[in-house]
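A short write-up of the structure that comes next.
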Amino acid sequence: MKQKKIVSLLLGVTIAISVLAGCGNQQTGEKTEAKEKVTVAFWGNQLQESYGKYLCDTFPDVEFEFVLASNSTDFYRYRQEYGDMPDILTVRRFALKDAVQLKDNLYDLSDTDLASNYYGTYLKNYTYDDGTVNWLPVCAEVDSFIINETLFEEYNVPVPTDYDSFLSACEVFEKEGIQGYVSDFSNDYTCMEVLQGLSSAQLMSMEGINWRQKYESGATNQLSEEVWMPVFEKFFDMKEKAGLGEEEANMNFDDVKKLFTKGKAAMYRGTGNDIVSCPGRGADKVVLMPYFGNTENDNWYLTYPAFQIAASSKGMDDPEREKLILDVMAAMLDQEGQSHISYGQNMVPYNKNVNLDLLPELENLKPYIKENKMYIRLASNEMFSISQSVVQKILTGELKTPAEALDAFNDELNSEKAEEPVVAHIDTTYSNEFTKEHGNQAASAVCNTIRKDANADLVFAQASYISGDICEGDYTEKELGYLTCGNGTIMEAELTGEKVYQLVEESLALRDNRGAVCNDSTMYVSSGFEMDITRTKNGYTLNKLTRNGKELDRNAVYSVLIYNDYDWYMPVISEKVGFEVTNADISKGVDVLKKRLVEEGGQLEEPTDYITMR
23 MKQKKIVSLL
33 LGVTIAISVL
43 AGCGNQQTGE
53 KTEAKEKVTV
63 AFWGNQLQES
73 YGKYLCDTFP
83 DVEFEFVLAS
93 NSTDFYRYRQ
103 EYGDMPDILT
113 VRRFALKDAV
123 QLKDNLYDLS
133 DTDLASNYYG
143 TYLKNYTYDD
153 GTVNWLPVCA
163 EVDSFIINET
173 LFEEYNVPVP
183 TDYDSFLSAC
193 EVFEKEGIQG
203 YVSDFSNDYT
213 CMEVLQGLSS
223 AQLMSMEGIN
233 WRQKYESGAT
243 NQLSEEVWMP
253 VFEKFFDMKE
263 KAGLGEEEAN
273 MNFDDVKKLF
283 TKGKAAMYRG
293 TGNDIVSCPG
303 RGADKVVLMP
313 YFGNTENDNW
323 YLTYPAFQIA
333 ASSKGMDDPE
343 REKLILDVMA
353 AMLDQEGQSH
363 ISYGQNMVPY
373 NKNVNLDLLP
383 ELENLKPYIK
393 ENKMYIRLAS
403 NEMFSISQSV
413 VQKILTGELK
423 TPAEALDAFN
433 DELNSEKAEE
443 PVVAHIDTTY
453 SNEFTKEHGN
463 QAASAVCNTI
473 RKDANADLVF
483 AQASYISGDI
493 CEGDYTEKEL
503 GYLTCGNGTI
513 MEAELTGEKV
523 YQLVEESLAL
533 RDNRGAVCND
543 STMYVSSGFE
553 MDITRTKNGY
563 TLNKLTRNGK
573 ELDRNAVYSV
583 LIYNDYDWYM
593 PVISEKVGFE
603 VTNADISKGV
613 DVLKKRLVEE
623 GGQLEEPTDY
633 ITMR
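Under the working numbering, read the sequence shown as residues 23 to 636, first letter to last.
Here it is in structure tokens:
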């Protein structure tokens, strides 16, 4: 049995007594009153971008520590095991069933104003069978059938209004050499969402709701034949009549996009965001239609929240702290808060007091929003993986009847899950708390390890990509993956010292983008060189850079590894500074850690005092 040392950490109810994060009106070098510390774990860097500055501006008397978590409730199970649970938790891939082991460590929201703001239809999906509500959803991405309405007009095909007219449209298009419907069934989420989306009315029946609550609460680990046999019957029927098979089982989204943008496919499974990124042949009119039911009244949209939010029960027996945590959560869930994540205008709210603008292509959602006909996907980890396994076996013909599919699904649900072996032991605990004397020691240890293993001169990384304290103890391979944010990428460039100066300055000046610094917990960490920085009323300014105590040579050329976001941060920074990534062999921080800790059986490099904060 694994032995893990529970360490004393500073992520809970902590009062900071030194000059703290640059959130709000502070003057350089002045002492400030003690601030209440609140740790918020974001499931991805897009949330840090969206919410970081907003929360700092909204709560200037709070010292926020932002952590980039992995998109899994299991990440919080791992953190709880080390006594390192953040105050506020967020996650996107979510099911109550996966979070049930956290239940006793989370705050019950059932009697709060936060929960009362939700429509009962949606709140039921977050209620355990004992009435507890630990998690709440924010606004949702909508998933359904995207149709090329222009293509329908060209071939005089009526736009579907129900399941039978959907199949009729597929038949007409097939005769014209156009695929009526395609989807990227190589992806687990598509398998799961089409399976559930086609049968949302069935799953939202009284029997379906009761089964889901039992499943989510851990009272059953079997699909109900009454509820789920019609689901598989519908999918088999669509497979046969829409002409789906082995080719679709191997299809990815790029394959689907090529067909749709060339007018070779009329419909595909997609989201509101996909309408923007995959809009047909250019001038075509595309719309997001619902998943078609047996009648028009049975049509539903499938949704999945941008994230779910919960609070640790730790410290909530203090009324003032309880109120503060709930106020922060309310700010994340209210109209202004949700507007920070619905920038694409393709999100719909679940709560009563929020109204979000929609793209013109999504106007047809409004009657369904009004009627609350938005099914929240059942997205446990096993639902993802087993749906993919079973749906692909249906498409390839390995499973020949709905009864075989139901049995296969239940067999996989019943299969014994092997315990993951310990693969590494970390000997030393490193705190993720930023101090002006030492910086972030956990982030420094990781960056020093990256630099040493890559034989690079310098490393420059945003500290929040290290996902919390690094604790002494045994680790499975999955748990090693929780030490760093999965969204972070290590990129290599050859830069002069002058360009390194510009890299640091432009990163500190970045606003409204991934990689922006909003407080000390999102500050950058350096390895191989030291930073002298002044915290100001409006942010941070660079004074000088040194290497081994001497000012960085602006004329020398250095191999630099940059650990940040590849798609959003790097294009902006590389253009501003004027350089290109020289190594396209993109790797993740976890790859370096696994190489050092597992393959080589080594330890992390010791951290260094890389920053002087004035």
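Each residue gets a CB set at the ideal place from its N, CA and C atoms; glycine is no exception.
Everything numeric in this text was worked out from a predicted model, so none of it was measured.
Grab me the residues of residue i's own chain with a C-beta within less than 6 angstroms of its C-beta, minus the 5 sequence neighbours each way, in chain order.
| i | result |
| --- | --- |
| GLU52 | Bear in mind that a pLDDT of 40 at GLU52, under 50, signals an unreliable position, so the number given afterwards is only what the model happens to contain. Here the set comprises nothing. |
| VAL468 | ILE488 |
| ARG291 | SER205, THR212, VAL216 |
| GLU552 | THR568, TYR632 |
| ARG576 | GLY519, GLU520 |
| TYR591 | ARG536, GLY537 |
Identify which residue in the options has its Cα closest to the Cα of residue i.
| i | options | result |
| --- | --- | --- |
| ALA483 | VAL547, PRO159, ASP429, ASP184 | VAL547 |
| ILE555 | THR183, THR634, ASP165 | THR634 |
| THR450 | ARG576, ALA476, GLN524, GLU494 | GLU494 |
| THR2 | TYR104, LYS286, GLU344 | Residue 2 cannot be examined here, being either before or after the span of the chain that is shown, 23 to 636. |
| GLY240 | LYS336, LEU124, TYR588 | LEU124 |
| LYS458 | MET260, VAL612, ARG636, PRO82 | ARG636 |
| SER166 | ILE297, SER208, GLU262, THR242 | ILE297 |
| GLU393 | PHE195, GLY142, ARG303 | GLY142 |
| SER208 | GLU342, SER411, MET226, GLU193 | SER411 |
| LEU564 | GLY510, LEU525, TYR323 | LEU525 |
| GLN625 | TYR452, GLU103, TYR203 | TYR452 |
| LEU380 | VAL60, LYS439, GLU438, GLU163 | GLU163 |
| SER549 | GLY537, ASN541, ASN570, ARG533 | ASN570 |
| LYS75 | GLY508, GLU438, ARG536, PHE406 | ARG536 |
| ALA578 | LEU173, GLU516, VAL594, SER190 | GLU516 |
| ASP613 | GLY510, LYS598, GLY600 | GLY510 |
| LYS8 | ASN586, LYS261, LYS236, LEU435 | A question about residue 8 goes unanswered here, because the residues of the chain that appear run from 23 up to 636. |
| PHE195 | LYS263, GLY600, GLU628 | LYS263 |
Would you check if the distance between the CB atom of residue i and the CB atom of residue j is smaller than 8 angstroms?
| i | j | result |
| --- | --- | --- |
| MET251 | PRO424 | yes |
| THR506 | VAL444 | no |
| TYR211 | PHE314 | no |
| GLU442 | LYS500 | yes |
| ASN156 | ASP130 | yes |
| ASN170 | ALA288 | yes |
| GLN224 | THR544 | no |
| LEU502 | LEU615 | yes |
| LEU346 | GLU602 | no |
| TYR144 | ILE512 | no |
| ASP109 | ASP491 | no |
| LEU111 | SER335 | no |
| PHE88 | VAL62 | yes |
| ALA117 | SER466 | no |
| TRP12 | VAL249 | Limits of the chain in this structure are 23 at one end and 636 at the other, which puts residue 12 out of reach. |
| MET644 | MET214 | This structure cannot speak to residue 644, because the chain is shown only from 23 to 636. |
Could you pull out every residue in the same chain whose Cβ sits closer than 7 angstroms to the Cβ of residue i, ignoring the five residues on either side in sequence?
| i | result |
| --- | --- |
| VAL113 | TRP65, ASN93, SER94, THR95, PHE329, GLN330 |
| CYS300 | LYS279, PHE282, THR283, GLY292 |
| ALA446 | TYR497, LEU502, LEU619, VAL620 |
| ILE168 | MET289, TYR290, GLY292, ASP296, ILE297, VAL308, LEU310 |
| ALA137 | LEU131, LEU145, VAL155, LEU158 |
| THR172 | GLY302, ASP306, LYS307 |
Along the chain, where does the alpha helix (DSSP H) containing residue i start, and where does it finish?
| i | result |
| --- | --- |
| TYR290 | First-last for TYR290: 287-293, but that is the beta strand (DSSP E), not the alpha helix (DSSP H). |
| ILE231 | 228-238 |
| ASN67 | 67-80 |
| ALA440 | Note, ALA440: premise wrong, no alpha helix (DSSP H); not H, not E. |
| VAL413 | 403-417 |
| LEU574 | Careful: LEU574 lies outside any alpha helix (DSSP H) and carries neither H nor E. |
| MET592 | 591-599 |
| GLU171 | 171-176 |
| GLU621 | Run containing GLU621: none; DSSP gives neither H nor E here. |
Suppose the cutoff is 8 angstroms on Cβ atoms and the five residues either side in sequence are ignored; what does the same chain contact list for residue i look like?
| i | result |
| --- | --- |
| CYS161 | PRO327, ALA328, GLN360, ILE363, SER364, MET369, VAL370, PRO371, TYR372, VAL376, LEU378 |
| PHE622 | It should be pointed out that residue 622 corresponds to Glu in this sequence rather than to Phe. None. |
| GLY561 | GLY44, LEU530, ALA531, VAL539 |
| ASP356 | ASN375, VAL376 |
| THR317 | ASP184 |
| THR50 | Confidence at THR50 is low in this model, with a pLDDT of 35, below 50, so its placement is unreliable and no value can be given for it. |
| SER30 | Its pLDDT being 35, under 50, SER30 is placed unreliably in this model, and the coordinates cannot settle the point. |
| MET338 | TYR129, GLU344, ILE347 |
Within the continuous beta strand (DSSP E) that includes residue i, where are the two ends?
| i | result |
| --- | --- |
| GLN330 | 330-333 |
| MET553 | 552-558 |
| VAL160 | Premise fails: VAL160 is in no beta strand (DSSP E) and is neither H nor E. |
| TYR144 | From DSSP, TYR144 is part of no beta strand (DSSP E) but of the alpha helix (DSSP H) over 142-145. |
| ALA63 | 57-64 |
What are the start and end residues of each continuous alpha helix (DSSP H) run of 4 or more residues lying completely inside the segment 477-532, in chain order?
-> 499-503, 519-531
Entirely within the segment 189-267 and at least 3 residues each: give me those beta strand (DSSP E) ranges in chain order.
-> 201-204
Beta strand (DSSP E) segments (min. 3 residues) lying fully within the segment 309-377 = 323-327, 330-333
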